[in-house]
Amino acid sequence: MCVLEDKASMVNAHLQIAPPLDANLLNGLKLGLEGEHQYINAGLAIGLSSTWLQRTGHLDVTYLHQDSTLPEQFIRGLTTASLQGRAQVVPDQHIDGESFGDLVFYLDGAHSPESMVICANWFSWAIEGNNQPNQLNHLPQNNGKSLDALQKNHVEGCRKNFTQILLFNCMSVRDPQLLLPHLLKTCATHGVYFKKALFVPNMSVYYKVGSHALPPTDSQVDLSWQFTLQRYWENLIQGDKGDANNLNAVCEEVQDDTGMSVRTCKNSAVFPSLPLAIKWLRDSVQQNQSIRFQVLVTGSLHLVGDVLRLIKK
681 MCVLEDKASM VNAHLQIAPP LDANLLNGLK LGLEGEHQYI NAGLAIGLSS TWLQRTGHLD
741 VTYLHQDSTL PEQFIRGLTT ASLQGRAQVV PDQHIDGESF GDLVFYLDGA HSPESMVICA
801 NWFSWAIEGN NQPNQLNHLP QNNGKSLDAL QKNHVEGCRK NFTQILLFNC MSVRDPQLLL
861 PHLLKTCATH GVYFKKALFV PNMSVYYKVG SHALPPTDSQ VDLSWQFTLQ RYWENLIQGD
921 KGDANNLNAV CEEVQDDTGM SVRTCKNSAV FPSLPLAIKW LRDSVQQNQS IRFQVLVTGS
981 LHLVGDVLRL IKK
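Position one of the sequence shown corresponds to residue 681 (the working numbering), numbered consecutively onward.
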């Protein structure tokens with residue numbers, strides 16, 4: 681803040697601080713974007729837009745300080761705003777019948793220590809609400825199912841056990857030792873513990889401008905980074921249990937029904953592709969009818985986008 685104040689003074693600019701949105705100004709409606717931090721962003725959006733509208737002659741007053749009723753257009757924008765891949769909840773549409781809702785993806789593209797804490801808090805709060813019989817906030821309303829059917833599946837699902845799974849990848853320029861402990865410890869403060877962590881390579885790739893490299897084939901996929909993430913996760917978990925030096929003893933290579941190798945450990949697994957990890961999750965739902973799987977997808981916006989493409993097909 682001191683730096684901002686100094687810079688504002690240097691350029692003779694008036695520095696104003698936008699307060700977080702007062703939820704009471706939404707007239708009983710809910711902010712469109714999930715997460716407590718979005719109230720900070722909403723307050724900034726109100727300040728920026730109303731200041732610009734005032735300066736261009738479209739408003740007589742600014743709503744920066746939220747000391748009066750918001751215009752109806754502001755409320756509509758705030759309550760209908762959407763941002764895919766950030767605090768987004770998507771039940772798997774491929775799970776049908778009585779098992780519908782038994783596989784739910786919680787997606788957030790957090791990839792920094794600070795955003796990982798926010799993501800962990802949101803996930804913990806979201807699953808706490810979604811595990812209650814009277815909470816239908818996260819169930820889809822546009823998939824052809826009647827509301828009665830959704831309510832029936834949700835209430836029945838609340839009689840089941842809930843298991844939390846982590847689906848994770850991050851770019852190699854990120855430090856997992858800064859990301860994963862924040863995620864693990866923040867969830868633990870809410871009493872949330874992951875049964876298993878799945879590490880996968882991204883499907884999406886990017887290349888620097890001017891690069892003529894071809895995308896790698898499946899047989900060329902380098903999983904060394906995913907093994908590094910798995911090793912760190914296992915040490916993190918086993919270290920809490922005083923067994924950090926026994927990693928190799930609890931890991932093994934197994935083949936799935938497609939013939940692809942999966943490295944599975946006590947608390948984690950590395951899959952050679954994201955579709956195989958999704959298939960494993962769906963198979964797990966079918967094989968465990970008494971369990972509902974809540975999958976947190978995070979660490980990379982590329983990963984989140986890939987998951988959305990796969991589960992919405």
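Quick reminder that beta carbons are idealized off the backbone N, C-alpha and C, glycines included.
Whole-Å CB distance - residue i paired with residue j, under 8 Å assumed
i           : j           : result
residue 947 : residue 913 : 7 Å
residue 866 : residue 965 : No, residue 866 and residue 965 are not in contact; Cβ-Cβ is about 27 Å, not under 8 Å.
residue 990 : residue 955 : 6 Å
residue 696 : residue 727 : 7 Å
residue 786 : residue 977 : 7 Å
residue 950 : residue 918 : That belief does not hold up - the Cβ atoms of residue 950 and residue 918 are roughly 16 Å apart, past 8 Å.
residue 846 : residue 916 : The pair is not a contact, with the Cβ atoms about 12 Å apart (cut-off 8 Å).
residue 788 : residue 767 : 5 Å
residue 759 : residue 710 : 6 Å
Member of the options whose CA lies at the smallest distance from the CA of residue i
i           : options               : result
residue 702 : 971, 721 and 765      : 721
residue 844 : 980, 850, 853 and 868 : 868
residue 718 : 751, 802, 878 and 728 : 802
residue 713 : 985, 945, 769 and 932 : 769
residue 870 : 808, 880 and 708      : 808
residue 852 : 968, 685, 980 and 698 : 980
residue 962 : 782, 861, 842 and 863 : 782
residue 973 : 771, 764, 749 and 776 : 771
residue 700 : 709, 724 and 681      : 724
residue 907 : 848, 734, 884 and 759 : 848
residue 839 : 804, 969 and 690      : 969
residue 799 : 761, 773 and 860      : 860
residue 902 : 874, 883 and 752      : 883
residue 751 : 984, 909 and 707      : 707
residue 967 : 684, 775 and 688      : 775
residue 960 : 931, 730, 984 and 876 : 876
residue 731 : 758, 709, 698 and 792 : 698
residue 856 : 874, 792 and 806      : 792
residue 872 : 931, 806 and 794      : 806
Limits of the alpha helix (DSSP H) - the one that residue i falls within
i           : result
residue 773 : Unbroken run through residue 773: none, as it is neither H nor E.
residue 721 : 718-735
residue 901 : No alpha helix (DSSP H) holds residue 901; DSSP gives it neither H nor E.
residue 741 : Run containing residue 741: none; DSSP gives neither H nor E here.
residue 865 : 856-869
residue 981 : 981-991
residue 687 : 682-690
Residues bridged to residue i (per DSSP)
i           : result
residue 918 : Residue 918 pairs with nothing; no bridge assigned.
residue 759 : DSSP output for residue 759 lists no bridge partner at all.
residue 695 : Beta-bridge pairing links residue 695 to no other residue.
residue 978 : 848
residue 973 : 783 and 843
residue 768 : 787
Residue i, enclosing beta strand (DSSP E) - first and last residue
i           : result
residue 847 : 841-848
residue 876 : 874-879
residue 783 : 783-787
* Taking only runs of the alpha helix (DSSP H) that begin and end inside the segment 930-971, which ones reach a length of at least 4 residues, in chain order? -> 954-967
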